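Let me begin by presenting the structure, written as structure tokens, before commenting on it.
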Amino acid sequence: MTSLRVGGLSVAGATGRITGGAGDAATAAVGTGGVGADAGDGAGGALGVATGAAGVTTVAVVTRAPDNGGADEHAAPRNTAHSAVHVVRRVRAEVNVEAIEGDSAMTRGEPLPALGRTLYVVATPIGNLRDITLRALDILGQVDVIAAEDTRVTGVLIAHHGIRAQLLSLNEHNERRRATEIVKLLDAGKRVALVTDAGTPAISDPGAALVRAVGDAGFAVVPVPGPSAVIAALSAAGLDASPWLFFGFLPATAAARRAALEPLAALPYALVFYEAPHRIKAALAALAATLGAAREIVIARELTKRFETIHRCLLGDASAWIEADPDRQRGEFVLIVGAPAAAAAEAEDAHDATLALLLAELPLARAVKLAVALTRAPKNRLYERALALKQTLKPPPR
Ligand code: SAM
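Read left to right, the sequence shown gives residues 2 to 399 (my numbering).
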């Protein structure tokens, strides 16, 4: 498995915020398969017609990622993105999407064909081979070529599911060259899938450069979502992790690790890291030293595998826990550090103050909407707080 690190930060949470530097490319590539990363570009509104298994003709819109998730014909490439034709296509597409969504049996129940001239970004298991979606199997079983980080690893996966496909290696060393080759395959009408050794491509894994090249060339990129270690760990952590910041792998040297962690210490976010077994002890020591012993940490190890362990403790106790048993230092890790308590409380106070001001002047829904825009806090949380505040702000009964 590669140890390629996502370069930079990406912040994601229930608010849907994404900020940061170089990390944005990878995050957006995953969220939208690169189509939305170039929001408003040539891929947007691309319209295709496909005949489903039931013989029903359906319309697919790349930006909306319908259940068959693709298009066999593409809108004009980037440079014509804002042409009148493109706009008309987009409008027609939106109308058709509504029609499709109204008939869930047509798009949600039936396996639909993988489409030519389309790159499918397919998530694969992070340990348990059965953690693969029906749609991923449909797509992998139909594409002409599967670009795989390690063809041996993917060979085992597809053999397990009875799939035979042409495999092409695509890793951090050859991604740009392969991207050119894959664009040529798409130009020839081929269907291509991208997978990595485990989880979702482009999440601390190769894929973002390929997705970008394919999108830039005007071809459809369709995410086929599924497992990712970061999401699995968050879902079972039991921490209040909204918002949370995904960092990926920390740097390898002590000085670089500290330099990377220091700017994160004061952020009012839960922090999520990937870590390899040979660096787990050093990483835990560095986290405690920089972020403070009092924060909570969840150590999620070997998720979905035989020795799966999810341990929650204070950062100050984490090193002792991991050193108590050499087995605890084995395998693959996701580390989630809870938000600093004081910062979280301060942020809540500030949100309450904003809401109170707005509620004094506006109806509840409008106040919440503006508060979300001002604070970028999750809407449902602000809504709950607004309801509670409204009670306290009510004029006393006469
Ligand atoms: N693309 C993958 C994803 O979506 O999660 C991540 C690939 S990254 C190269 C590999 C790292 O992910 C590992 O070093 C570990 O930190 C984390 N990871 C992958 N599988 C895991 C598992 N089963 N349990 C815990 N962490 C895992």
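Quick reminder that beta carbons are idealized off the backbone N, C-alpha and C, glycines included. In this text, all values refer to a predicted model and were calculated from it rather than measured experimentally.
- Looking only at D188, A233 and A199, the smallest Cα-Cα distance to G216 is reached by D188.
- Rounded to whole angstroms, the gap between the alpha carbons of A214 and A199 is 22 Å.
- C-alpha of E182 to C-alpha of T155: approximately 20 Å in a straight line.
- Apart from the 5 residues on each side of it in sequence, L383 sits with its Cβ closer than 8 Å to the Cβ of H352, L356, V369, A372, V373 and T376 in its chain, given in chain order.
- For G142, no beta strand (DSSP E) encloses it; the enclosing alpha helix (DSSP H) starts and ends at L135 to Q143.
- CA-CA distance, A230 to V338, rounds to 15 Å.
- Taking non-hydrogen atoms of the ligand SAM into account, the C-beta of D151 is found less than 6 Å away from none of them.
- Taking C-beta separations shorter than 8 Å and ignoring five residues to either side along the sequence, the partners of A233 in its chain run I127, A301, L304, T305 and V335, following chain order.
- When distances are taken from the beta-carbon of E303 to the heavy atoms of the ligand SAM, the shortest one is below 6 Å.
- Residue pairing by DSSP puts I298 in a beta bridge opposite C314 and V338.
- Taking A238 as the centre and dropping the five residues before and after it, the same chain places the C-beta of V299, A301, I311, R313 and I337 closer than 8 Å to its C-beta, in chain order.
- Excluding five sequence positions before and after R179, the CB atoms of its chain that fall closer than 6 Å to its own CB belong to L171, given in chain order.
- Straight-line spacing of the CA atoms in P228 and G249 works out to 16 Å.
- In the DSSP assignment, A180 falls outside any beta strand (DSSP E) and within the unbroken alpha helix (DSSP H) covering E176 to D188.
- DSSP places P224 in the strand class (E or B) of the three-state scheme.
- Of the residues P341, L316, E309 and L315, the one whose Cα lies closest to the Cα of R329 is E309.
- Shortest Cα-Cα distance from L315 to any of L195, A290 and A218 involves A290.
- Looking only at R153, E176, F247 and I281, the smallest Cα-Cα distance to R165 is reached by R153.
- In the same chain as R367, and ignoring 5 residues on each side of it, the C-beta atoms closer than 8 Å to its own belong to L359, in chain order.
- Between A221 and T134, the C-beta gap is not smaller than 7 Å, which leaves the two residues out of contact.
- Counting C-beta atoms within 10 angstroms of its own C-beta, T254 has fewer than 16 neighbours from the protein chains shown and is therefore classed as exposed.
- Here P202 is buried, its C-beta having at least 16 other C-beta atoms within 10 Å.
- If you compare the alpha carbons of L186, S236 and A209 with that of V122, the shortest gap goes to A209.
- A284 places its beta carbon less than 7 Å from that of L251.
- According to DSSP, residue pairing for Y121 in a beta bridge involves A194 and V223.
- R307 places its beta carbon 7 Å or farther from that of A287.
- Annotated as distal: Y275 and L246, with beta-carbon spacing of 7 Å or more.
- Judged by their CB atoms, I147 and L168 are nearer to each other than the 7 Å cut-off.
- Setting aside the 5 residues that flank it on each side, I140 is surrounded in the same chain by A115, Y121, V123, A194 and V225, each with a C-beta closer than 7 Å to its C-beta; the list follows chain order.
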